[in-house]
Amino acid sequence: MTANSDSIIFHQYDISPFSEKVRVIFGIKGLEWFACDQPVIMPKPDLVALTGGYRKIPVMQIGADIYCDTQVIIRELERRFPSPSIYTGGDNGAGWGFSMWSDRVFFQAGVAIIFGGGTPIADEAFIKDREKLTGRPFDISAMKAAAPLMAEQFRAQLGWLDEQLADGRDFLMGDAPGLADAGACYNLAFVRWTSPAGVKLIEGFPKVAAWEKRVAAIGHGKRQEISRDAALDIAKAATSTEAAKADPGEPNGLTPGDKVIVMADDYGRDPIAGELVSSSAQHVAIRRNDPRVGDVVVHFPRAGFLVVKS
Ligand SMILES: N[C@@H](CCC(=O)N[C@@H](CS)C(=O)NCC(=O)O)C(=O)O
23 MTANSDSIIF HQYDISPFSE KVRVIFGIKG LEWFACDQPV IMPKPDLVAL
73 TGGYRKIPVM QIGADIYCDT QVIIRELERR FPSPSIYTGG DNGAGWGFSM
123 WSDRVFFQAG VAIIFGGGTP IADEAFIKDR EKLTGRPFDI SAMKAAAPLM
173 AEQFRAQLGW LDEQLADGRD FLMGDAPGLA DAGACYNLAF VRWTSPAGVK
223 LIEGFPKVAA WEKRVAAIGH GKRQEISRDA ALDIAKAATS TEAAKADPGE
273 PNGLTPGDKV IVMADDYGRD PIAGELVSSS AQHVAIRRND PRVGDVVVHF
323 PRAGFLVVKS
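The numbering of the sequence shown is my numbering, which starts it at 23 and goes up by one.
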């Protein structure tokens, strides 16, 4: 199959843990998708042509709709492909809170162990890039000093997963894999790829290690590859399917047509400018134009992002 404007194009790289979260969702839903590999560090001109400045990985593209951040990517996958659902244990709302814990607190504990333990990923160019991304020194010696303390944090949180699995269930919310499994397992995968000390901590919880294997066995759905040029050509030829929609509950009166800036509230806070198309408590969509891709609509979650009139 060649990709078209209905295809899932997934801008990613293989050792990206947040990409792994979505790849597991592709597996759970049995989806076909196209991997469009992007660089691990800036510059990423082809990605930024689509997003308007957002540089984090992954980004999902369907035609001229561009979804930034795993939260909005997974919500959109659930909307378009509802079966099997990612909410397998009544965690329709709680699953998102669980994901935010995993993406921020659990992830940062893993990062400290990985980079504090010394890993070949962290060469000079990578360190400089991540300092720009976070606006803070990427201080390997400070991470080395903190690694033993962070090991305690990481272990305590692995312990929560272990307690969740204590009754012998196969997956975190019950018999079937879903949002919680994808949302937690990628942090363990990242540790496995990069940190022998971290792997020891995981292996300290045999139920967690067995669960991890069950999640890995789900696979990643059906993956094919697409070049960056071909992905941009698809965006250029396509039209967004997002309809303009006012949200009467908008706390600050945002209305379709408003010129706005959207930015993440943690790291990678590059501002993305556009015109508001639609918004809700969980989602904001803005239209922007780029000479390489034409008009595109870029989607973001609300939790973890700021939207301001420009
Ligand atoms: N909140 C974002 C976090 C994404 C994230 O931090 N991704 C990492 C890679 S796994 C990243 O973009 N690092 C900087 C880069 O790759 O340029 C999400 O859920 O998608």
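Note that CB positions come from ideal geometry on N, CA and C, so glycine has one too.
Rounded to whole angstroms, what is the Cα-Cα separation between Ser107 and Ile240?
For the purposes of this step, residue 107 is taken as the residue at position 85 of the sequence shown. For the purposes of this step, residue 240 is taken as the residue at position 218 of the sequence shown. Approximately 15 Å between the Cα atoms of the pair.
Any heavy atom of ligand 1 closer than 8 Å to the CB of Asp312?
Position 290 of the sequence shown, counted from the first residue, corresponds to residue 312. No.
Distance, Cα to Cα, Ser217 vs Ile63?
If you number the sequence shown from 1, residue 217 lands on position 195. If you number the sequence shown from 1, residue 63 lands on position 41. Those two C-alpha atoms are separated by around 21 Å.
Under 6 Å Cβ to Cβ from Lys244, same chain only, skipping five residues before and after it: list those, please.
For the purposes of this step, residue 244 is taken as residue 222 along the sequence shown, with counting starting at 1. Glu54.
Any contact of the region 250-270 with the region 36-54, i.e. 3+ C-beta pairs under 8 Å?
no
In three-state terms, what does DSSP make of Arg366?
Outside the modelled stretch of the chain, which goes from 23 to 332, sits residue 366, for which no answer is possible.
Residues bridged to Lys229 [DSSP beta-bridge criterion]
Taking the first residue of the sequence shown as position 1, residue 229 is located at position 207. According to DSSP, Lys229 bridges with nothing at all.
Classification of Lys281 by the beta-carbon crowding that lies within 10 angstroms, buried from 16 upward:
On the sequence shown, residue 281 is found 259 positions in, with the first residue counted as 1. Under this definition Lys281 is an exposed residue.
Thinking just about the alpha-carbon of each residue, which of Pro104, Ala198, Ile224 and Val306 is nearest to the one in Ala286?
As a position in the sequence shown, residue 286 is number 264, starting the count at 1. Of the listed residues, the one whose Cα sits closest to Ala286 is Val306.
Could you give the uninterrupted runs of the beta strand (DSSP E) lying entirely in the region 183-266, keeping only those of 3 residues or more?
244-247
For Glu42 versus Tyr208, is the C-beta distance shorter than 9 Å?
Position 20 of the sequence shown, counted from the start, is the residue given in the question as residue 42. Position 186 of the sequence shown, counted from the start, is the residue given in the question as residue 208. Taking 9 Å as the Cβ cut-off, Glu42 and Tyr208 qualify as a contacting pair.
Quick one, which of Ala325, Asn311 and Arg191 has its alpha-carbon nearest Met122's?
Counted from its first residue, the sequence shown places residue 122 at position 100. The candidate whose alpha carbon is nearest that of Met122 is Ala325.
At a cut-off of 8 Å, would you count Thr92 as near ligand 1, judging by its Cβ distance to the nearest heavy atom?
One-based indexing of the sequence shown puts residue 92 at position 70. Correct: Thr92 has its Cβ closer than 8 Å to ligand 1.
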